Amino acid sequence: MSAGTHAVEVAGVSRVFDTKKGPVVALDDVDLTVAAGEFVSLIGPSGCGKSTLLRLIADLDQPTSGTIAVRGKGPRQARLDREYGIAFQQAGLLPWRTVAANIELPLQVHGVAKGARRARAAELLELIGLTDFADHHPDQLSGGMQQRVAIARALAESPKLLLMDEPFGALDEITRERMQNELVRIAAETGAAVVFVTHSIPEAVFLSDRVVVMSPRPGRITGVVDCQLGSSSSRTDAVRDEAGFFHAVAAVREHLHGTAPVAVRGVETR
Amino acid sequence: MRALVAGLLGVLALVATWELYRAVGPEAGVTVGGTVVLPRTSDLAMPHVWEMLRVFGEPASGASDADSVLVVVLGAAGFTLRIAAVGWLVAVVVGLALAVLMARSGLAESAILPWVILSQTVPLIAIAPLVRRWGSQLEVGGLEWQNEYSVAVIAAYLAFFPIAVGALRGLKSPVASQVDLMHAYGVGWWTTLRTLRLPSSVPYLLSALRLAAASAVIGTVVAEASIGLRGGIGRLVIEYAQSAGGDPAKPWAPIFGAVAVGLVAGGVVALLGLFLKPYRRQEVLS
Ligand SMILES: Nc1ncnc2c1ncn2[C@@H]1O[C@H](COP(=O)(O)OP(=O)(O)OP(=O)(O)O)[C@@H](O)[C@H]1O
Ligand SMILES: [Mg+2]
């Protein structure tokens, strides 16, 4: 496979922050490849460098050493070519803009004509099921709805890569699971690769093709768990109750804590 | 509507307090350790509210064709308002420009901000004659410097401060993820300013503009008085103070004039706030 076909290629990347208390090694010699259309989650305790890695891929920060390629390009070029869409834990919507205008924001700053913008926003509103809220303002939406708008905004320019940093972190469990179902569907419909940062093991397992487990001080990848819970179309809530799901959860937990898998028992006692 | 009623009630409460103290307070006022903390209740120190209002109906001077005090005070208020408005506009331009410059570069901020703050510690009385002297040496294309300009400059000097500081805070108010987003879009600093920073700064800017309007009015009145410019409230305050012996209620007339100017200035800014309403949605959040 040529390099160009990968969504993300991270090779030997380290990031050291110079702080007043001395250097902080946020990432140490990290290698990661995300195939086109693949859904990869980054999980690990606070401070293990998940956000740092995502920001390096997004070219919001530069590595101290190592190389990164995003869809076969340098991160800077990829950013300027709008190869990725990005969403953060805070929806970060602009409060003075309507929902539709928020979704149009990236198109607008890139000079897309008004008509085309409208059409694209309407499409995305349909996708996230908020068509009736096009003319509302963010303060009139629930947290979950705001986050859906932020995701639609990230999708506005039809990127083949989505970068998401704990986008559901501030949501309640019920909303969260619904959003997860929706994200699986959206990722499948758009065919985009996703790099998804989360603190939740079940969330990572449910969403991902692969879960990348990280550990802090220094930030390293300590394990990768293949989930393969079936194609996205068949991945409904039922999957959450299957044995494969619990096996994967246990495997991720083992990498995180270094304990023996217990998931099988979890299945039997249900 | 409720705000209007509340405002009227506030004025009534003030009048009632005044008259109540006037009625029951001790003749010699209240002193604590030789310091007067509450005024004497004599006619000279505390004229009745209706006395103050009566003054407005009387002729402003002894001349037979003299205008009433009301007409004179209104005229002076208009004069002062015009100069204050010019000073305020200059302050908005200068204050915004400084804020944008400081938001653009940290170096500019650390170089300029201390001076902006220091500028406000210089007493107005000290700079008024200086501005006037410098001004009198200026002459641009046959246009001679007027004392009015000096007054406007001084008003601007006082009013640019809240704008520079408030706008800077507003321009820096977007959260990191919003700034990151603009960076991710690869747009330049000016586009970020236009689409993110300026709209975000509106709530901060509006309160800064309100403060600046008050500052501009005060600056104009004080500068008129200290430069000795005729025609405005500042001069009238001094003139009428001298006639306090004859009619103790008279000095209050220009004070009401100054209040009126302040109210109009505040009202204009409030009107501006109505036009910028969509940008004030974030006020609930911040
Ligand atoms: N700009 C910075 N300056 C200094 N140190 C930083 C900076 N950004 C991150 N760090 C440090 O790098 C380490 C990794 O931070 P990072 O934000 O990537 O962790 P994280 O895995 O995203 O944590 P969380 O789960 O809490 O979001 C931390 O020790 C953090 O203190
Ligand atoms: Mg993080």
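Chains A and B, in that order, give the protein sequences.
So in our numbering, spot 30 of the first sequence is number 30, and the numbers just go up one at a time.
So in our numbering, spot 150 of the second sequence is number 150, and the numbers just go up one at a time.
For each residue, glycine too, the CB sits at the ideal point set by N, CA and C.
Please read all numbers here as calculations on a predicted model, not as lab measurements.
Requested in this report: Provide the residue span of the alpha helix (DSSP H) that contains TYR240 of chain B, from first to last.
Outcome: Residue 240 of chain B sits at position 240 when you count from the first residue of the second sequence. Here the alpha helix (DSSP H) through TYR240 of chain B covers 233 to 242.
Report task. Flag VAL109 of chain A as yes if its beta-carbon sits less than 9 Å from any beta-carbon of chain B, otherwise no. Result -> Within the first sequence, numbered from 1, the residue matching residue 109 of chain A stands at position 109. With 9 Å as the cut-off, VAL109 of chain A counts as an interface residue toward chain B.
Requested in this report: With 9 Å as the threshold, decide whether the Cβ of ILE79 of chain A is near any Cβ in chain B.
Outcome: If you number the first sequence from 1, residue 79 of chain A lands on position 79. Strictly speaking, residue 79 of chain A in this sequence is Arg, with Ile absent from that position. At a cut-off of 9 Å, the C-beta of ARG79 of chain A has a neighbouring C-beta in chain B.
**Report entry** Residues of its chain near ARG265 of chain A, where Cβ-Cβ distance is below 8 Å and the 5 sequence neighbours each way are ignored
**Finding:** Reading the first sequence from its first residue, position 265 is the one you call residue 265 of chain A. Summary for ARG265 of chain A: the model assigns pLDDT 42, below 50, so the residue's position carries little reliability; its value from the coordinates is reported in the next sentence. If we look at ARG265 of chain A and ignore the five residues flanking it on each side, it has no Cβ neighbours.
**Report entry** Whole-angstrom distance between TYR204 of chain B and PRO218 of chain A, CA atom to CA atom
**Finding:** The residue given as residue 218 of chain A occupies position 218 in the first sequence. The residue given as residue 204 of chain B occupies position 204 in the second sequence. PRO218 of chain A and TYR204 of chain B: Cα-Cα distance of roughly 42 Å.
Query raised in the report: How would you list, in chain order, the residues of chain A whose beta-carbon sits under 7 Å from the beta-carbon of ARG281 of chain B?
Result: Counting from one through the second sequence, the residue named residue 281 of chain B turns up at place 281. In chain order: PRO95, TRP96, HIS137 and ASP139.
Query - Own chain, CB closer than 8 Å to ALA28 of chain B, minus 5 neighbours either side, in chain order - result: The residue you call residue 28 of chain B lines up with position 28 of the second sequence. Around ALA28 of chain B: ARG40.
Requested in this report: Using alpha carbons as the reference points, say which of A:GLY144, A:PRO95, A:ALA134 and A:GLU157 lies closest to ALA116 of chain A.
Outcome: Stepping through the first sequence from its first residue, residue 116 of chain A is reached at position 116. Closest option to ALA116 of chain A, Cα to Cα, is A:GLU157.
**Report entry** Cross-chain neighbours of GLN178 of chain B in chain A, by beta carbon under 8 Å
**Finding:** On the second sequence, residue 178 of chain B is found 178 positions in, with the first residue counted as 1. The contacting residues are GLY92 and LEU94.
Report task. Please report the Cβ distance between ARG220 of chain A and ASP28 of chain A, rounded to the nearest whole angstrom; I am assuming they are in contact, meaning their Cβ atoms lie under 8 Å. Result -> To locate residue 220 of chain A, count along the first sequence from 1; it is residue 220. To locate residue 28 of chain A, count along the first sequence from 1; it is residue 28. Contact between ARG220 of chain A and ASP28 of chain A is confirmed by a C-beta separation of about 5 Å, below the 8 Å threshold.
Query raised in the report: If you compare alpha carbons, which of A:GLU242, A:LEU105, A:CYS227 and A:PHE17 is closest to GLY47 of chain A?
Result: Indexing the first sequence from 1 puts residue 47 of chain A at position 47. The residue with the shortest Cα to Cα distance from GLY47 of chain A is A:PHE17.
Query raised in the report: With burial defined as no fewer than 16 other Cβ atoms inside 10 Å of the residue's Cβ, what is the status of PHE275 of chain B: buried or exposed?
Result: Working through the second sequence from its first residue, we reach residue 275 of chain B at position 275. PHE275 of chain B is exposed by the Cβ-count criterion.
Requested in this report: Run the CB neighbour count on ASP65 of chain B, radius 10 Å, all protein chains shown included, and call it buried at 16 or more, exposed below.
Outcome: As a first step, residue 65 of chain B must be located in the second sequence, where it is residue number 65. ASP65 of chain B should be labelled exposed.
Query raised in the report: Using 8 Å as the threshold, is the segment 60 to 72 of chain A in touch with the segment 170 to 187 of chain A, meaning 3 or more CB pairs across them?
Result: Touching, no, given that fewer than three Cβ pairs across the two stretches are closer than 8 Å.
Query raised in the report: Could one say the Cβ of LEU60 of chain A lies closer than 9 Å to chain B's Cβ atoms, at least one of them?
Result: Position 60 of the first sequence, counting from 1, holds the residue named residue 60 of chain A. Nearest CB-CB separation between LEU60 of chain A and chain B: below the 9 Å threshold.
Query raised in the report: When DSSP labels each residue in this structure, what does VAL262 of chain A get in the three-state scheme?
Result: To locate residue 262 of chain A, count along the first sequence from 1; it is residue 262. Any reading at VAL262 of chain A is ruled out, since the residue's pLDDT is 49, under 50, leaving its predicted position unreliable.
Query raised in the report: Is there at least one Cβ from chain A nearer than 9 Å to ALA184 of chain B's Cβ?
Result: Counting from 1 along the second sequence, the entry for residue 184 of chain B is found at position 184. Yes, contact with chain A.
Query raised in the report: Within 8 Å: the Cβ of VAL212 of chain A and any heavy atom of ligand 2?
Result: The sequence position of residue 212 of chain A within the first sequence is 212, counting from 1. It does not: the Cβ of VAL212 of chain A is nowhere closer than 8 Å to a heavy atom of ligand 2.
Report task. For LYS73 of chain A, verify whether its CB is less than 8 Å away from any heavy atom of ligand 1. Result -> One-based indexing of the first sequence puts residue 73 of chain A at position 73. Checking the Cβ of LYS73 of chain A against ligand 1 gives no.
Query raised in the report: In chain order, what residues of the segment 247 to 264 of chain B put their CB closer than 8 Å to some CB of chain A?
Result: Residues are counted here when their Cβ sits less than 8 Å from a Cβ of chain A; for the segment 247 to 264 of chain B the count is zero.
Query - Cβ distance (whole Å) where GLN146 of chain A is taken to contact LEU105 of chain A below 8 Å - result: Along the first sequence, one-based indexing puts residue 146 of chain A at 146. Along the first sequence, one-based indexing puts residue 105 of chain A at 105. Your pair GLN146 of chain A and LEU105 of chain A does not check out as a contact, with CB atoms roughly 14 Å apart and the cut at 8 Å.
Query raised in the report: Is SER51 of chain A near ligand 2, with its Cβ less than 8 Å from a heavy atom?
Result: Within the first sequence, the letter at position 51 stands for residue 51 of chain A. Shortest gap from the CB of SER51 of chain A to any heavy atom of ligand 2: under 8 Å.
**Report entry** Buried versus exposed, by CB contacts within 10 Å (16 or more), THR192 of chain B
**Finding:** Counting from 1 along the second sequence, the entry for residue 192 of chain B is found at position 192. With 16 or more Cβ atoms within 10 Å of its Cβ, THR192 of chain B is classed as buried.
**Report entry** Coil, strand or helix - ARG97 of chain A by DSSP
**Finding:** Position 97 of the first sequence holds residue 97 of chain A. In this structure, ARG97 of chain A counts as coil in the three-state DSSP scheme.
Report task. Give the single residue among B:SER42, B:VAL151, B:ALA244 and B:ARG133 whose Cα lies nearest to the Cα of GLY25 of chain B. Result -> Here the question's residue 25 of chain B lines up with position 25 in the second sequence. The shortest Cα separation from GLY25 of chain B among B:SER42, B:VAL151, B:ALA244 and B:ARG133 belongs to B:SER42.
Requested in this report: Would you decide whether GLN178 of chain B is buried or exposed? Buried here means 16 or more other CB atoms lie within 10 Å of its CB.
Outcome: Taking the second sequence and counting its residues from 1, one reaches residue 178 of chain B at position 178. Here GLN178 of chain B is buried. Its C-beta has 16 or more other C-beta atoms within 10 Å.
Report task. Take the Cβ of VAL225 of chain A as the centre, count every other Cβ of all protein chains shown within 10 Å, and call the residue buried at 16 or more, exposed below. Result -> Numbered from its first residue, the first sequence carries residue 225 of chain A at position 225. By the neighbour-count rule (16 or more Cβ atoms within 10 Å), VAL225 of chain A is buried.
Query raised in the report: Going straight from the alpha carbon of GLU173 of chain A to that of SER200 of chain A, what length do you get?
Result: By one-based count along the first sequence, residue 173 of chain A stands at place 173. By one-based count along the first sequence, residue 200 of chain A stands at place 200. Rounded to the nearest whole angstrom, the CA to CA distance from GLU173 of chain A to SER200 of chain A is 11 Å.
Query - Interface partners of PHE17 of chain A on chain B, CB under 9 Å - result: Residue mapping note: residue 17 of chain A aligns to position 17 of the first sequence, counting from 1. Here the premise fails: no neighbours, minimum Cβ distance about 15 Å.
Requested in this report: Could you name the residues that DSSP lists as bridge partners for ASP165 of chain A?
Outcome: Sequence index remark: in the first sequence, residue 165 of chain A carries index 165 (1-based). Note: ASP165 of chain A sits in a beta bridge opposite A:VAL197.
Report task. Can you grab the Cα-Cα spacing for the pair LEU196 of chain B / GLY34 of chain B, in whole Å? Result -> For the purposes of this step, residue 196 of chain B is taken as residue 196 along the second sequence, with counting starting at 1. For the purposes of this step, residue 34 of chain B is taken as residue 34 along the second sequence, with counting starting at 1. For LEU196 of chain B and GLY34 of chain B, the gap between their C-alpha atoms comes out near 58 Å.
Query raised in the report: Quick one: what's got a C-beta closer than 7 Å to THR222 of chain A's C-beta in the same chain, skipping five residues either side?
Result: By one-based count along the first sequence, residue 222 of chain A stands at place 222. Excluding five sequence positions before and after THR222 of chain A, the CB atoms of its chain that fall closer than 7 Å to its own CB belong to VAL213, MET214, SER215 and HIS255, given in chain order.
Query raised in the report: Cβ of SER14 of chain A within 9 Å of Cβ of THR64 of chain A?
Result: Here residue 14 of chain A refers to the residue found at position 14 of the first sequence. Here residue 64 of chain A refers to the residue found at position 64 of the first sequence. One thing to note: SER14 of chain A has its Cβ within 9 Å of the Cβ of THR64 of chain A.
Query raised in the report: Does at least one heavy atom of ligand 2 sit under 8 Å from the Cβ of VAL24 of chain A?
Result: For the purposes of this step, residue 24 of chain A is identified with residue 24 of the first sequence, where counting begins at 1. No, the Cβ of VAL24 of chain A stays beyond 8 Å of every heavy atom of ligand 2.
Query raised in the report: beta strand (DSSP E) containing ARG220 of chain A: first to last residue?
Result: Within the first sequence, residue 220 of chain A is the residue found at index 220, counting from 1. Per DSSP, ARG220 of chain A belongs to the beta strand (DSSP E) from 220 to 226.
Report task. Starting from the beta carbon of PRO278 of chain B, find every residue of chain A whose beta carbon is closer than 7 Å, and list them in chain order. Result -> Within the second sequence, numbered from 1, the residue matching residue 278 of chain B stands at position 278. For PRO278 of chain B, the chain A residues whose Cβ falls inside 7 Å of its Cβ are TRP96, in order along the chain.
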